[in-house]
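Q: Numbering (the numbering used here), first residue to last: 2 to 456.
(1) Would residue 319 and residue 126 be called neighbours here (beta carbons separated by less than 8 Å)?
(2) Hey, out of 149, 186, 192, whose CA is closest to residue 217's CA?
(3) Roughly how far, in whole angstroms, is the beta-carbon of residue 276 from the beta-carbon of residue 286, given that I think they are within contact range, below 8 Å?
(4) Answer with buried or exposed for residue 93, where buried requires no fewer than 16 other C-beta atoms within 10 angstroms of its C-beta.
(5) Quick check: residue 72 and residue 18, are their CB atoms within less than 8 Å of each other?
(6) What's the C-alpha gap between residue 47 and residue 79?
(7) Counting beta carbon pairs with one atom in the segment 228–238 and one in the segment 184–195, are three or more of them shorter than 8 Å?
(8) Could you tell me if residue 23 is buried or exposed, where buried requires 16 or more neighbouring beta carbons within 10 angstroms of its beta carbon?
(9) So is residue 83 buried or exposed if we call it buried at 16+ other beta carbons inside 10 Å?
(10) Nearest to residue 54 by CA position, among 44, 40, 87, 45, is which residue?
(11) Tell me the residue span of the alpha helix (DSSP H) that contains residue 339.
(12) For residue 70, list the residues DSSP reports as bridge partners.
(13) If you reduce the DSSP assignment to three classes, tell me which class residue 151 lands in.
(14) Report all residues from its chain with a CB closer than 8 Å to the CB of residue 380; omit the five preceding and five following residues, and keep chain order.
(15) Among 100, 179, 400, which has the Cα closest to the Cα of residue 28?
(16) Which stretch, first to last residue, makes up the beta strand (DSSP E) that contains residue 111?
(17) Relative to the alpha-carbon of residue 316, which residue among 334, 382, 254, 221 has its alpha-carbon at the smallest distance?
(18) By how many angstroms is the C-alpha of residue 224 removed from the C-alpha of residue 257?
(19) Could you check whether residue 178 and residue 212 sit closer than 8 Å to each other, using their CB atoms as the reference points?
(20) Identify, in the order they occur along the chain, each residue of the same chain with its Cβ nearer than 8 Å to the Cβ of residue 351, setting aside the five sequence neighbours on each side.
(21) Quick one: what's got a C-beta closer than 6 Å to residue 343's C-beta in the same chain, skipping five residues either side?
(22) Pair every Cβ in the segment 265–272 with every Cβ in the segment 298–311, then say whether three or more of these pairs are closer than 8 Å.
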């Protein structure tokens, strides 16, 4: 069921982003008087098709939904009747052609603004920016940050949630500054400035595990090792664990917190663990072998149990952030801009070798994120859609032939030199662009596989 839910969330996300992108091209083409022959969601054999309007535009849903296209009347792709030459794409002034091509990525940015706008108006239930245990001998520890500190500002920018803190720390760290100014309020209510030294951070550190690598984690309430739920057909279920069981020790080592149990299980995928359990007043032993699963390219152990959690304690750690209509719109525009800038910076850093190419994700990872965000609720899913829409917009603006950005590059050259590039030059460009695009896709899929099968 989880797999089907993930696929559904991915298909909905992909469909929405493709429709908006292609509709941008379609709408501006129509405004410019260009005849649109086909609007296709997906490639390959048409599964559904319908001709609509006086131009009899063909609307298609095709077999492979990993993209889409708008086919316009064009003399370069077939004979055009004399009376329709004025409606041919290639006959349009260069600025109109530029506008038609640019409209796709622009539509993605506009969609991101709308999605972020909805997200900020609906509200975000998020963790407060309170620090958990600070790992010793890390930049955070050397900066004097301590468990219980509340993050207030990073480089002068306000922090309201833990997600804000993650975003600001990573987005500033991409510029590779020697240090970051972090304003915190400690458990005694004293506010002060800490200087987070980033000189030891390497290119490979700028990824999803960045906060862990600098020694930071969010505060977690102390949870006792008492089971509230056992997932059917899990390692815990096969071992005979039951709701209400209290775990006293793992392989003879006493534990008092759920986090201790989690760490023991994570570190031993596929290895036998002897659990000492208190059940109905009696102490018994149960042997369990954690299932081996892969997360972020690392094999970890899981036994399929959930803890008994005090909901009041969780509520104390959460904050609901909601903005009025006008403020939400302004924040949505700023978030779209900052995310676009960060995406472009990351790509530039990867080209320069300053950030690892392991950060490039393919369809498998994106589908996984789609499913996980959708399971978390509407707000996380909206945030995911907005992020992917921005990424799609930025990707399509890269000056790579076959992408929108490559065509825009051709039009800029045409404006500067006063005439189009030769057919031969564009043909070579298309071949180079196709090779680059296939290489990028292959690398992304390779990264996906490495995350699933580490090593």
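Beta carbons: idealized from backbone N, C-alpha and C, even for Gly.
A: Straight from the coordinates:
(1) Yes; because the gap between Cβ atoms is below 8 Å, this pair is in contact.
(2) The shortest Cα separation from residue 217 among 149, 186, 192 belongs to 149.
(3) Taking the Cβ atoms as the reference, residue 276 lies roughly 7 Å from residue 286, within the contact range of under 8 Å.
(4) Residue 93 counts as buried, since at least 16 other C-beta atoms from the protein chains shown sit within 10 angstroms of its C-beta.
(5) Not a contact, by the Cβ cut-off of 8 Å.
(6) If you take the alpha carbons of residue 47 and residue 79, they lie about 21 Å apart.
(7) With the rule of 3 Cβ pairs closer than 8 Å, the segment 184–195 does not count as touching the segment 228–238.
(8) Label assigned to residue 23: buried.
(9) It counts as exposed.
(10) Looking at the Cα atoms, 40 is the closest of the given residues.
(11) Under the DSSP assignment, residue 339 falls in the alpha helix (DSSP H) whose first and last residues are 326–352.
(12) Answer by DSSP bridge pairing, in chain order: 41.
(13) DSSP places residue 151 in strand when its eight states are reduced to three.
(14) Excluding positions up to five away in sequence, the list reads 120, 123, 124, 125, 126.
(15) When the alpha-carbon of residue 28 is set against those of 100, 179, 400, the nearest one is in 100.
(16) That residue, residue 111, is in no beta strand (DSSP E); its alpha helix (DSSP H) goes 95–123.
(17) In terms of Cα proximity to residue 316, the closest of 334, 382, 254, 221 is 221.
(18) Computed Cα separation, rounded: 9 Å.
(19) In this structure, residue 178 does not lie closer than 8 Å to residue 212 by Cβ.
(20) Only 357, 358, 360, 361 meet the Cβ criterion.
(21) Around residue 343: 172.
(22) With a cut-off of 8 Å, the segment 298–311 and the segment 265–272 count as touching, because enough Cβ pairs lie within range.
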